[in-house]
Each structure stands twice: as C-alpha cells, then as structure tokens.
Amino acid sequence: MLRMSTLFLRTLREDPADAEVPSHRLLVRAGYVRRVAPGIYTWLPLGVRVLERVARVVRQEMDRMGGQEVLFPALLPREAYEKSGRWTEYGDNLFRLKDRKGGDYLLGPTHEEMFTTLVKGEYSSYKDLPVVLYQVQTKYRDEARPRAGVLRGREFVMKDSYSFDLDDEGLRVSYAKHRDAYIRTFDRLGMDYRIVAAVSGAMGGSASEEFLAVSPTGEDTFVSCTSCDYAANTEAVQVGAAAAQDPADHPAMQVLDTPDTPTIATLVADLRGKGHDVGPERTLKNVVVKLRHPDGRIEPLVVGVPGDREIDLKRLEANVSPAEVLPFEAADFASTPALVKGYIGPQVLADAKIRFLVDPLVVPGSAWVTGANEPGKHAVNVVSGRDFTPVGTVPAAEVRDGDPCPRCGSGLRIDRGIEIGHIFQLGRKYTDAFSLDVLGREGKPVRVTMGSYGIGVSRAVAAIAEQAHDDKGLVWPRSVSPVDVHVVRVGKFDTEGVAERIATELEERGLEVLLDDRGGSPGVAFKDAELLGVPTILVVGKALADGLVELRDRAAGTSRTLPVEEAVAAVLAEVRG
RNA sequence: CGGGGCGUAGCGUAGUGGCUAGCGCGCCUGCUUUGGGAGCAGGAGACCGCGGGUUCGAGUCCCGCCGCCCCGACCA
Numbered sequence: 306m307l308r309m310s311t312l313f314l315r316t317l318r319e320d321p322a323d324a325e326v327p328s329h330r331l332l333v334r335a336g337y338v339r340r341v342a343p344g345i346y347t348w349l350p351l352g353v354r355v356l357e358r359v360a361r362v363v364r365q366e367m368d369r370m371g372g373q374e375v376l377f378p379a380l381l382p383r384e385a386y387e388k389s390g391r392w393t394e395y396g397d398n399l400f401r402l403k404d405r406k407g408g409d410y411l412l413g414p415t416h417e418e419m420f421t422t423l424v425k426g427e428y429s430s431y432k433d434l435p436v437v438l439y440q441v442q443t444k445y446r447d448e449a450r451p452r453a454g455v456l457r458g459r460e461f462v463m464k465d466s467y468s469f470d471l472d473d474e475g476l477r478v479s480y481a482k483h484r485d486a487y488i489r490t491f492d493r494l495g496m497d498y499r500i501v502a503a504v505s506g507a508m509g510g511s512a513s514e515e516f517l518a519v520s521p522t523g524e525d526t527f528v529s530c531t532s533c534d535y536a537a538n539t540e541a542v543q544v545g546a547a548a549a550q551d552p553a554d555h556p557a558m559q560v561l562d563t564p565d566t567p568t569i570a571t572l573v574a575d576l577r578g579k580g581h582d583v584g585p586e587r588t589l590k591n592v593v594v595k596l597r598h599p600d601g602r603i604e605p606l607v608v609g610v611p612g613d614r615e616i617d618l619k620r621l622e623a624n625v626s627p628a629e630v631l632p633f634e635a636a637d638f639a640s641t642p643a644l645v646k647g648y649i650g651p652q653v654l655a656d657a658k659i660r661f662l663v664d665p666l667v668v669p670g671s672a673w674v675t676g677a678n679e680p681g682k683h684a685v686n687v688v689s690g691r692d693f694t695p696v697g698t699v700p701a702a703e704v705r706d707g708d709p710c711p712r713c714g715s716g717l718r719i720d721r722g723i724e725i726g727h728i729f730q731l732g733r734k735y736t737d738a739f740s741l742d743v744l745g746r747e748g749k750p751v752r753v754t755m756g757s758y759g760i761g762v763s764r765a766v767a768a769i770a771e772q773a774h775d776d777k778g779l780v781w782p783r784s785v786s787p788v789d790v791h792v793v794r795v796g797k798f799d800t801e802g803v804a805e806r807i808a809t810e811l812e813e814r815g816l817e818v819l820l821d822d823r824g825g826s827p828g829v830a831f832k833d834a835e836l837l838g839v840p841t842i843l844v845v846g847k848a849l850a851d852g853l854v855e856l857r858d859r860a861a862g863t864s865r866t867l868p869v870e871e872a873v874a875a876v877l878a879e880v881r882g
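Note that the first sequence covers residues 306 to 882 in the numbering used here.
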C-alpha cells in the first residue's frame, strides 16, 4: 500500500514555468516526473507505476501475438552501425561516445542492426521462421529540439519489435498481426487514436502506417475522412481530383499587361481592375525548386499549384523521394533566363527543357491565369493540354479542411496527432546489409525479409495525459492509473481506523491502493486526489458518523454515498468494471 | 542552425543604480483547526546563471559567455 504520509511525492500548487503543454505541466505538478536536462526526465514513484502499467499492456499484447521478449544493451559498439551505414547516416542525432581504449560506442537510437545480427547468429533454417522478437528498452536520440516534457525526449522508453519472414507474404502476415496487436494495445490504454497511412520513404513501396493519438499538441498533421475510415499523414494523402475538362471549351490564350503583380494577391487585384473577375483559385502558381537526386545530380523543377494554395514542401518532398528538395535561389534565377521570377508560366518550360509537374488539382483541359514569362505580363485562358503540357502530376499543394476524400469523395478534416506507434514493412534493407539468409526448403539460401514496429512507451504516458485531464488535474484510464483506488481519510472523524481497514482489505482483495493518511486539511487532500488523477476515490470522512463513506468517480466528477460495510465491494465493482 | 523570450531560495515570483534582496507556496517548531489548497507565533533556506567592465555604490547599466523555454528548420 502506498501511503501519502511516506510516499516520495511533492505536488506543486503552481504550474512549473517551463512547461506549456498539459501533459508536461500536469506530470510535473502532480509529481510524476522531474526534469534533469533537456529531454531527459526522472520518473518518480507514481510516474514509474504509470510507465510500468503502460509497458505491461504493451508486453501482454506483444506476447499474445507471438512475440518473444529479449533485451539488448543501450550501449552498443560502433561496428554494426558502421556496417548498416547508420553510424554516419544518423548524423548529429546519434549519441556517440568512446571507451577508455578509444573504441567508438553509441547509445542505441533503435536496434534493427542488433536484432538482425542476433537472428543471423542463432537461426539458419526456413523452419525457424517466422519469428518476432521485441524489447522494451531505453532509446537515445540527440534531438535537435526536445520539447513538451516527455512527449519528445532525448532519452525515452520504446517497445521495438522486428519480424523475420521468408517471403513478402509472410511479412504481410507479420505486419497484420502487429497491426492487430497495436489496435488492442491502444484500445486498452484508453487512447483516442487514428491509424494513418504514412510516407513509404526512401525504401520505396513498403507499407507503413502510423498510430497517432489525436491531440492539438501533436507534431504530426493528418487528414481523416468525415464519412469513411480513410486517414493519412498530410504528406502521404492523395486528394481526390476533379474530372478532366475539354480544352476546346476555353477561349484562346491572351497575354495582358499586369505591371507590378509579382504575387497572387496583387495579380488578382490588377485583373479585377481590368474587368477580369478571376479569384486566386483560378490562377496557376508556379514554384521553382531544385531537386537533388541520390546520384548527386541537381535539376530545376517547376511545380504548378492553384494560386489560392500554398505549396506543401514536405508533401512535395515525400512525393519526389528519394530526391531532396532545395530552394531555388537568386543565383539560380540569374543562370536560368527562361524563368522570370514572379511571372513564371508553364508555356515555355518544355522548350526550356525544364521539368514541369502539376498538382492533381490542375486537371487536364483546365484554364488558368498564369505568368507570361515576361516581367509585368500575365496570360489568361492558359489551358492545360493546349497551351502547356505538364510532364506529370505530383501532390504538392497544401491539403485543406474539406478537400475531397480520395476514397469516397466526402470532406476531409485536418487534425494533429502524437505518433505513438509506427508499423513498417522494412523489407531487406538490413538483411541485405548483414547477409541474413536461411536455408530454404530447396537447400538454397533465402534472403530474409523484415518488419519493424515501434511503440513509444514513455511518450504514450504523456499522450494519455494529453488526452486524459481536466482543469483540476490528470484523469487516468484505469489500465494505466498508478493505483486502482485512492482512499482519502479526511478530518478527525475516523477514530476507529476505518480508512486503514478498508484500504488493507482492498489490498488483500488484489487492488493497488494509495491511502492519504496525512491527516491534514481536507482541501489539500481533495485537491491532491484530483491532481493525481486516480479514477476511483474513496472518501472516509464526516459521513462516517452516519456509517457512510463517499465513492467518487474522478472522470465523471460524480459521487455517491454508501454504507461503510459496502465500501470494499463497491470499489471492487468499480475497479473491475 | 535561424527567430523570440527568460535566468533572483525546492516551486511561483517582486525588485526607479542607493538601507540587511521582498512576497506567496512548500519546509521546520509550538499551539489551535479539520469536508475544499486552514489560523496564529516563531524559524531555516539565495555565490540574484558565470566572467569581465562602468560606478563612491550593480540583482538593476555595458560587453562576453553559459543555460533554459517557445516557434521554425530537423526528426528510419
């Protein structure tokens, strides 16, 4: 039994000055964590309990789906990471250190290399597969900017698992099992989350989904359909496009003098003055960037998006991956006379041998107002497929609330989320790097394929806190509450030690109990109980004179009184649902 | 790395160049109090981030450094 009189806990009456987001504020105020360095936190007794309870749910679901737990060191030699290329690829985000002999070590940011070499060392037959191994481990990433308390730390607890399969079909099965296990896990943790399609990344073609806890403090932006179950990271979303139009429906292209109109807003105003009533959505904004391809080649690229939308560089980059997007600078304009800054139009790009891609919103046959490739001049009725022909399409425009869902056409909505899980069909990147083969049925070596799956355990604690709090404090879901019940003894009414007896009996019946036996003023006890956030609070106080106690529901904010002798049964019923 | 803000006791904070750096919370002692962060009395606790400078005098002004928080860049 935890007793408030001796529990290592100091709650704060005021918000810590350096905490802004609710989870950070409340976890510090309620005495769950303390900061040691940026992105590095100490877990105090109540915090450890929540962390352990989250980890317990994660382990149970991993075990249920057939995973086997192992534990790697966090301190790792350079060798394996050198072999995979990540010793350098990981850049400044990797904590590197040396031992006394000058040997290079690192603090593991993730363990693909270690799991791959472990399996390679132990297994060598197709009969051994599939296998799923996992660990719950402390990871280290020297983030450029840790933020929001434990939400984005440099040291954090993560469950990472890896599946090893003989072929792509096996990988799909392992992936599906993880997906189910994650759904069960996050359901049990009482989280409001979405599974969103993620960018497949440089590996190409690999399925990847993120589990996002819906929260305004989240760092990821995602869209979800208001009527079907489509959801995607904004970078990965494919917005439904309108139907193609007939170029013949539009009048001939016409060039107009539009002096001093380098921006969409100035252009629209100028055209209105000339009697052309076109809104920004009818203009074509042509943004120039440079692409750097993996082979080092750099090429200019012009991307056309409707003028009422910003270009989403992250989305563009995700869709031109593995090429990188670089800004097109003044010097680049100087060396490319075909591109007139502020007045770029696609009409001349083919002749200038500059690649032109359009966002799918720029449908074939549609007419636009766009630059005439001369300072101070724009052209109207510039028709796609007649006056210019894009090389192809690339999703690059910012996605907006209400854009059509690619699956059902209903409106999409935009929300933010905290990435609490990521499942990824990794493929053979690491098994190739480490030549992980097993002997197949035919006696020939088969290259193993991998999946990689993560759950941010410590981040989940913060994400739950983000979702489960009110103005009084935390409101833990039962599955992760530091204890099952918080027994509060207030005032001098309990001369018989009733609170103590009830707490003991609850513990004997298998519950974890926190007893506030401090005997201070009732206000303090009540405020602390609300701040700590245990979902069930049993108050033993003045109603005891009538043989009654009070059972409170922290989440609902309700309470009911009941006879003392029914207290234990009522709490048990409450906790065990 | 760019932009912004801030460093005063465990926490939150006040402090025109001029008394011994103030207040609230928390902490300690005693008495009172006990259903919504109690009252009274007494106490402990500060290298005012660090270094240099200006000045008769610096928490306060100047220069440099360090650290922290927020926004952005970054984040298999």
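The beta carbon of each residue, even a glycine, is placed where N, CA and C say it ideally should be.
Which whole-angstrom value is the C-beta distance of residue i and residue j, which I expect to be below 8 Å?
i: Y410; j: L380; result: 6 Å
i: V519; j: D497; result: 5 Å
i: L331; j: V762; result: So it is not a contact: roughly 18 Å between Cβ atoms.
i: N538; j: A502; result: 7 Å
Kindly indicate which three-state DSSP category residue i falls into: helix, strand or coil?
i: Q550; result: coil
i: M367; result: helix
i: Q373; result: strand
i: W348; result: strand
i: F469; result: strand
i: I659; result: coil
i: W673; result: strand
i: A502; result: strand
i: T863; result: strand
i: Y337; result: coil
i: A878; result: helix
i: Y386; result: helix
i: M419; result: helix
i: L314; result: coil
i: V355; result: helix
i: E812; result: helix
i: I760; result: strand
i: G778; result: strand
i: E771; result: helix
i: A536; result: strand
i: E524; result: coil
In angstroms, rounded to a whole number, what distance separates the CA positions of residue i and residue j?
i: A701; j: A643; result: 23 Å
i: A773; j: R857; result: 17 Å
i: F693; j: D565; result: 24 Å
i: G506; j: R457; result: With a pLDDT of only 47 at G506, under the threshold of 50, the placement of this residue in the model should not be trusted, and no figure is reported.
i: R794; j: G824; result: 7 Å
i: T800; j: L853; result: 14 Å
i: H493; j: T316; result: One point to set straight first is that residue 493 is Arg, not His, in the sequence displayed. Taking the straight line from one Cα to the other gives about 28 Å.
i: S689; j: T568; result: 21 Å
i: V544; j: V699; result: 11 Å
i: R623; j: L561; result: As written in the sequence, residue 623 is Ala, which differs from the Arg given in the question. Distance between the alpha carbons of A623 and L561 is about 36 Å.
i: Y395; j: G408; result: 19 Å
i: L312; j: G336; result: 11 Å
i: Q730; j: W348; result: 33 Å
i: A850; j: G802; result: 13 Å
i: M309; j: A767; result: 23 Å
i: L816; j: S864; result: 20 Å
i: S555; j: W673; result: It is His, not Ser, that sits at residue 555 in the sequence shown. Each residue's Cα considered, the two are about 10 Å apart.
i: G510; j: G882; result: Annotation note: pLDDT 48 at G510 (below 50); position unreliable, coordinate value reported separately. The alpha-carbon atoms of G510 and G882 are separated by roughly 44 Å.
i: R369; j: A486; result: 8 Å
i: Q559; j: P632; result: 31 Å
Confirm the yes/no value for this check: CB of residue i, any heavy atom of the ligand HEM, distance under 7 Å.
i: L332; result: Among the ligands in the structure shown, none appear at all, so the ligand HEM cannot be discussed.
Kindly identify the DSSP beta-bridge partner or partners of residue i.
i: N591; result: G609
i: D836; result: Looking at the sequence shown, residue 836 is not Asp but Leu. Answer is none; L836 lacks a bridge partner.
i: F400; result: L412
i: C530; result: L717
i: F831; result: In DSSP, F831 forms no bridge with anything.
i: A883; result: The structure shown does not extend to residue 883, since the chain spans only 306 to 882, so no value can be given for it.
i: D821; result: V793
i: R620; result: In the DSSP output, where bridge partners are listed per residue, R620 has none listed.
i: A702; result: I616
i: A342; result: I345
i: R857; result: I842, S864
#### Entry: Length-filtered (3 minimum) beta strand (DSSP E) runs lying within the segment 423 to 479
436 to 445, 460 to 470
### Task
Can you check the segment 717 to 743 for any beta strand (DSSP E) of at least 3 residues that lies completely inside it and give the ranges in chain order?
717 to 732
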